[in-house]
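Step one of this worksheet: look at the structure below.
In this note's numbering, the protein residues as written are 1 to 71.
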């Protein structure tokens, strides 16, 4: 289907050793009965943050060193 509608998606992401931040933007444009213009969501902006806990990393490392050896 060839119409003049479009969808634009942009994501910016930054990582630190234990953290991550992301900014996402979505935009749908077009006339009412076009492919992307018919979508109910016209635009969206989302900011997300993740923190990776070091305690979980330490637990995994500890369990790996305490694994039984069958040699």
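Just so you know, even glycine gets a beta-carbon here, dropped at the ideal spot from N, CA and C.
Across the set 7, 6, 23 and 8, the C-alpha of 23 shows the shortest separation from the C-alpha of residue 14. Residues of the same chain with a CB within less than 6 Å of the CB of residue 52, apart from the 5 flanking positions on each side, are 18 in chain order.
Around the beta carbon of residue 6, a 10 Å sphere encloses fewer than 16 other beta carbons of the protein chains shown; the residue is thus reported as exposed. Contact annotation: residue 26 and residue 44 have beta-carbon atoms nearer than 8 Å. In terms of CA proximity to residue 2, 30 leads the group 30, 65 and 47.
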